[in-house]
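Chains as they are written, first to last, in my numbering: chain Y, 225 to 312; chain R, -8 to 109; chain H, 3 to 522; chain D, 15 to 167.
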């Protein structure tokens, strides 16, 4: 019973995914209104030659702050998990 | 200008990866395998993001010594970078928890260790 | 002062994060200084929320563009679409911020004495501050990918906090379960973001809301988002993690986790109302949300009857109460396209649901904190092992009773006010739903009466003869919550007019949300 | 603890790995790479050390709370740089156009110059510091945990 339910839900899910994959824009020809601006203005606005780094640290710098925070939280969590049990 | 791959093969690969990952997450009882399933799910989504940014014949969006012809989109690459680091952090924390559970119960089986009833 | 208001959205997020990065350094020097830092940060965030809220209720939506040459410059000159991350604060998000600021401050004060016996408190406070910053980020952001990042921050820090008492293996398992659920949900959200990005090359919610067309791909993305957020908020078909996690987490963290599930509810509403809006087939999606709500109410209350563990009981009650919110807002969503129905009962239902959100956070928070006091003093969560505790813990008993009565909708507490508003408006939409709501509420009362009697009344058990009253700081945080509960119960009209109604308006008014960023 | 050959070779290799990682961190705004990638390279060097010498002996000289402090300071520098722009807007690139790292490269293909990018090189450095400390701490703690050792703290 459990297995049948699993199979049905999984196949519906995969059907969704494949539908999405077939309906997307043709591979290699994405719409690019936002990215064209970044490619054109990276050098004059941020002074960096590397557009990806410019996006990571300037245009979407706040995401990077979040990412740094996540890594920080994970490290804190890992150290917390294996701390000593009792105070001596 | 020819169309790239027929039927969007890279997107189908993404669909397959995510499908496999969900199968693993729903069917496996071993915690380590569960975490591996999550890793595959994360890779599938990352692959999806990075394929979105590809432009036929584009070069990496870096001006250093590269003639401008056509560049691939930079934003998906940045998003993927963020999401990879997030996936690493999550997996590290989850694996540590599994190690902790193993040290205390001697088992990584979800059935055995989750004695609590839903 | 003007500068402070302009920058307050980012300061609300960044100050807790800054304090979290400072905590490991400061706690090497001095433990007292660390405690002071934590409480000051929480209070400062609350203060900023209040001044920002005053500005928003006076002047409407507040936007803040990160990294641009001016905070209000959402779109670069001579260009069409927003490029950078934009924080967009409207009445709904600031309403959620008020909830979170209150509950996190109470939980922070509570943890000062609740966590006294534990080791590794530096890590605890660091994670707590990270979670505070992460949840604030989710509420204030107007960017989809940023929403995903903050969802992950709150998930990771929340999961680590659930597992904090590592000497209980249950706790680590609960934390693992929470992180797995959150990660699956967050990755589904990320997939949906990818679909939006592929179609429109945009990540900003407002800009997406302007161009969205509800194609087949958008439907797939909507399905992903709804499943992910429903899973994360603990609505019924996907609710199994809620009791396991809530029961094992430290009590103050449970109160915070409760609000962080509500944030996912907020994200769900934001998706339905501000992102899709009327392009959505609102009746269908509205009914889906209503059915999720009904299922949550029904299953939550029936499972709560069977529980003997006090925190699991409250956790199931949480599922049940969040069902009311889904029901009320689902009614609002179902009639979104019909202005007449929206005016007669739709907005009222949504105000009721949103008002119930803050009430839910307050009284369930109070119940969890009271249950935490019992665990702290008695050392068990099993109701059958307790008894006669009211003799030694009079105030805790009174506060628990207050929370229980508010939760079951007894006047004059706040739960009554919001539930009445929900019943009245939902009755006009569909009488059966309202009647089921009333019945569920009565069963809730029965459950809490049973729990209260088995824990607090009767003979003093010999082993609990010298149980003492809760420590002062824990008492203080519970009293803060209970004062607000009583205040809301006495003046519900005021709160609905000031807070809940503007929030409901902000959700319905998609055009305003979009024009704040895109202009015109 | 692995054999003597492994230990000697990793002693030599570790220098190159560290220098390569630092190079990637510092040239993030010019060439492919950046703080995250470089930090991960350096952390892989630490992983090599842990594999070669065993987690116990590494733990004698490298404690996780040192790494944790390093990580905190990296994060603090990063958020401090973000706060530096708050006179205009949080995360505003306030060094572009100034004399330190503020040179703007000519538009179009050019070899680039390390004195460009405004705050981006500093942010790269801060994030690199943070990532190398964080990932090394995770590796060290997990290696110790799987060899059943109790942490201090």
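Cβ atoms here follow ideal geometry from the backbone N, Cα and C, with glycine treated the same way.
DSSP places residue 511 (chain H) in the coil class of the three-state scheme, outside both helix and strand. With a threshold of 16 other beta carbon atoms within 10 Å, residue 23 (chain H) meets it and is buried.
In this structure, residue 32 (chain R) lies near residue 189 (chain H), with their beta-carbon atoms less than 8 angstroms apart. Contact with chain H is absent for residue 251 (chain Y), since none of that chain's Cβ atoms lies less than 8 angstroms from the residue's Cβ.
The region 215 to 250 of chain H is shown to contain whole alpha helix (DSSP H) runs of 4 or more residues at 218 to 235 and 243 to 250, in chain order. Around residue 151 (chain H), the beta-carbon contacts reaching into chain R at under 8 angstroms are 73 and 77. The alpha-carbon of residue 260 (chain H) is positioned some 25 angstroms away from that of residue 507 (chain H). Under the Cβ criterion (8 angstroms, minimum of three pairs), the region 200 to 210 of chain H counts as touching the region 140 to 153 of chain H. Looking only at Y:264, Y:285, Y:270 and Y:305, the smallest Cα-Cα distance to residue 97 (chain D) is reached by Y:285. Nearest to residue 30 (chain R) by alpha-carbon distance, out of R:11, R:58 and R:93, is R:11.
When only Cα atoms are considered, residue 83 (chain R) and residue 152 (chain D) end up about 7 angstroms apart. The C-beta of residue 74 (chain H) has fewer than 16 other C-beta atoms within 10 Å across all chains shown, which makes the residue exposed. Within the region 46 to 60 of chain R, the residues whose Cβ lies closer than 7 angstroms to any Cβ of chain Y are, in chain order, 46, 47, 52, 53, 54 and 55. Unbroken alpha helix (DSSP H) stretches of 4 residues or longer found wholly inside the region 134 to 174 of chain H: 146 to 164, given in chain order. Excluding sequence positions up to five before and after residue 230 (chain H), its CB lies within less than 6 angstroms of the CB of 187, 190 and 191, all in the same chain and listed in chain order. For the 8 angstroms CB-CB criterion, residue 157 (chain H) and residue 315 (chain H) do not form a contact. Excluding its 5 nearest sequence neighbours in each direction, residue 361 (chain H) has C-beta neighbours in its own chain below 6 angstroms: 416, 417 and 420, listed in chain order. One finds 272, 273, 274 and 277 in chain Y with Cβ atoms closer than 9 angstroms to the Cβ of residue 44 (chain D), taken in chain order.
Taken atom to atom, the span from the alpha-carbon of residue 305 (chain Y) to that of residue 366 (chain H) is near 28 angstroms. According to the DSSP assignment, residue 362 (chain H) belongs to the alpha helix (DSSP H) that extends over 349 to 380. Residue 293 (chain Y) places its beta carbon 8 angstroms or farther from that of residue 17 (chain H). At a cut-off of 8 angstroms between beta-carbon atoms, residue 93 (chain R) makes no contact with chain Y.
Taken through DSSP and simplified to helix, strand or coil, residue 88 (chain H) comes out as strand. Rounded to whole angstroms, residue 341 (chain H) and residue 98 (chain H) show a C-alpha spacing of 26 angstroms.
In the three-state scheme derived from DSSP, where H, G and I count as helix and E and B as strand, residue 36 (chain R) is classed as helix. Non-local beta-carbon contacts of residue 427 (chain H) in its own chain, meaning distances under 8 angstroms to residues more than five positions away in sequence, involve 330, 333, 347, 348, 350, 351 and 354 in chain order. Between the region 393 to 400 of chain H and the region 468 to 479 of chain H there are three or more C-beta pairs closer than 8 angstroms, enough to call the two in contact. Only exposed fits residue 229 (chain Y), as fewer than 16 other CB atoms lie within 10 angstroms of its CB. At least one CB atom of chain H sits nearer than 8 angstroms to the CB of residue 104 (chain D). Judged by DSSP in its simplified three-state form, residue 199 (chain H) adopts helix. Beta-bridge annotation (DSSP): residue 117 (chain D) is paired with D:130. Judged by beta-carbon spacing, residue 287 (chain Y) lies within the 8 angstroms limit of residue 87 (chain H), meaning their Cβ atoms are closer than that value. Judged by their CB atoms, residue 258 (chain H) and residue 442 (chain H) are not nearer to each other than the 8 angstroms cut-off. In summary, the residues of the region 78 to 94 of chain D whose CB is separated from some CB of chain H by less than 7 angstroms are 82, 83, 86, 89, 90 and 93, in the order they occur in the chain. In the DSSP assignment, residue 67 (chain H) falls within the beta strand (DSSP E) that extends over 64 to 67. By the rule that beta-carbons nearer than 8 angstroms mark a contact, residue 240 (chain H) does not touch chain R.
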